[in-house]
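Reviewing the structure listed below.
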Amino acid sequence: MFDKQTIRDVNIKDEIVLVRVDYNVPLEQTEDGAWQVKSDLRIRASLPTIEYLRERGAKKIILMSHLGRPEGRDESLSLKPMAEALAELMQGVSVDFVDEISGPEVVAAVEELPDGGILLLENLRFEPGEKQNSEDFAREIVESIGATLFVQDGFAATHRAHASTEAVTRLLPAVAGFLVEKEVKLLTQALKAPEKPLVVIIGGAKVEDKEPLIEKFLPIADKILVGGKIAADGYVPKDSKVYVAEDFDEDGEGNKLDIGPIATGKFVEAINDAKTVLWNGVLGKVEDAAFATGSEIVAKTLGEKHDVVAIICGGDTTGFVQELMEDDPDLEFALVSTGGGAALELLTGGAMPGIEKLWKSE
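Residue numbering for the sequence shown is 751 to 1112, as defined by our numbering.
Right under this line is the structure:
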């Protein structure tokens, strides 16, 4: 299910390790105008890899990530709040931040970093070379930090051919971190060798985004359940194994904003019969609590059913489930994916340049 080398397969001791993480997380402004992390799901998801590197004696760990879609330098999209959130999670460990990506300031910051310390570089997308997949830009980063090993652990960015995902693999030994390994294994297993019965739940708003996923799983899934706006807009299935929500909760103007009790009951019934469930796309307008009922019931049914391999993917869906998990720590899922677009690309057979160039397992 995963044919690439991981950090288990290479020597780490005394290496300066460059790690591509995905800290593209939501921020919020405090009363004094400062920015802080609103949800640290992706930061916490990077901890197993970072902690393993430290335990195995990595000399220095340098993290790089993007945030948002800046056009040049934008201080509201600085990664400094992520360094502060990481430091909170890793009490007693030196976690530093440098507001550059390469050059003399980065060189100095790496030199000052104690052995076993962690340094987060500034937002990669402040420089055009990142999205241009510039090998020169990647080389500037590698040479500035003196990196000897590259670890890909930013799953959410692996469907992009950028300097920090693809070009860098031409310059250093390149292996996967634990998050990338876990995401690829579980998503691939759902697609190629799921424990049956397999139920796929599809929600969201755009038919053009979801139809390839439905088509991909039609030969594999035992049932496909469709909710969300695509169901409300009258999606017509091409196969009898596809169930489209038949009733909806509406607002005062008659807008169908959540699946109704009949549909919710059928979703729950299918989940209770399943051994593997893949869920992509919320089932209602979940930002309004009045229309989050269907999604909440489905999420809690999945999270409380510990004999099912429950895979949650898609940005809105994972964010919704994450909030429920914070309120109810007993909810458990096999995978709450950190990569919306990347997961969809992987599941529908698209290119994954951030994974394809990693070293193959022997």
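Glycine is no exception: its CB is placed at the ideal position from the N, C-alpha and C atoms.
Quiz item: Does the Cβ of Q779 have 16 or more other Cβ atoms within 10 Å, making it buried, or fewer, making it exposed?
Solution: Counting the other CB atoms within 10 Å of its CB gives Q779 a total below 16, which places it among the exposed residues.
Self-check item: Exposure of E838, with buried meaning 16 or more beta-carbon neighbours within 10 Å
Solution: The residue in question, E838, is exposed, as its Cβ has fewer than 16 Cβ neighbours within 10 Å.
Self-check item: Per-residue burial, M814 [other beta carbons within 10 Å of its own, 16 or more giving buried]
Solution: When all chains shown are included, M814 counts as buried.
Quiz item: Among residues of its own chain, excluding the 5 on either side of P947, which ones have a beta-carbon nearer than 8 Å to its beta-carbon?
Solution: Excluding its 5 nearest sequence neighbours in each direction, P947 has C-beta neighbours in its own chain below 8 Å: D972, K973, D1023, A1024, K1025, T1026, listed in chain order.
Quiz prompt | Helix, strand or coil at I974 [DSSP, three-state] | solution = Three-state DSSP puts I974 in a strand.
Quiz item: From Q939 to G783, what does the alpha carbon distance come to, in whole angstroms?
Solution: Annotation: Q939 to G783 spans about 45 Å, alpha carbon to alpha carbon.
Quiz item: So which of E834, D959, A833, S884 has the shortest CA-CA distance to L1113?
Solution: Only positions 751 to 1112 of the chain appear in this structure, which leaves residue 1113 out of reach.
Self-check item: Identified DSSP bridge partners for D1008
Solution: Bridge partners of D1008: D999, G1034.
Quiz item: Is it buried or exposed for N873, if we count other Cβ within 10 angstroms and need 16 for buried?
Solution: Buried.
Exercise. Mind listing, in chain order, the continuous alpha helix (DSSP H) runs of no fewer than 4 residues lying wholly within the region 899 to 948?
Key: Listed in chain order, the complete alpha helix (DSSP H) runs (minimum 4 residues) inside the region 899 to 948 are 928 to 942.
Exercise. Indicate whether L863 and Y773 have their beta-carbon atoms separated by less than 8 Å.
Key: Taking the C-beta atoms as reference points, Y773 is found no nearer than 8 Å to L863.
Practice problem: Could you check if N1030 is buried or exposed, using at least 16 other CB atoms within 10 Å of its CB as the buried criterion? | Solution: Note on N1030: 16 or more other CB atoms within 10 angstroms of its CB, so buried under the neighbour-count rule.
Quiz item: Is it true that the region 1075 to 1087 meets the region 914 to 931, where meeting means three or more beta-carbon pairs spaced less than 8 Å apart?
Solution: Segments in contact, no.
Quiz item: With 16 as the cutoff for other CB atoms within 10 Å, does D1001 come out buried or exposed?
Solution: The residue in question, D1001, is exposed, as its Cβ has fewer than 16 Cβ neighbours within 10 Å.
Quiz item: Tell me which same chain residues have a C-beta within less than 6 Å of the C-beta of I1105, skipping the five on either side of it?
Solution: Hits under 6 Å: T908.
Quiz prompt | Nearest to L1052 (by Cα), restricted to the options V994, A1020, V848 | solution = Of V994, A1020, V848, the residue nearest in Cα terms is A1020.
Practice problem: Please name the residue or residues paired with L1074 in a DSSP beta bridge. | Solution: DSSP lists no bridge partner for L1074.
Quiz prompt | Completely contained beta strand (DSSP E) runs for the region 775 to 799, where each covers 3 or more residues | solution = The qualifying runs are 777 to 779, 785 to 787.
Quiz prompt | V1059 versus V857 - alpha carbon distance | solution = Distance between the alpha carbons of V1059 and V857 is about 45 Å.
Exercise. Using the Cα positions of G953 and L922, report the straight-line distance between them to the nearest angstrom.
Key: Cα to Cα, G953 sits roughly 40 Å from L922.
Quiz item: Using DSSP with H/G/I as helix, E/B as strand and the rest coil, what is V1018?
Solution: DSSP places V1018 in helix when its eight states are reduced to three.
Self-check item: Segment limits, alpha helix (DSSP H) that includes F967
Solution: Per DSSP, F967 belongs to the alpha helix (DSSP H) from 957 to 967.
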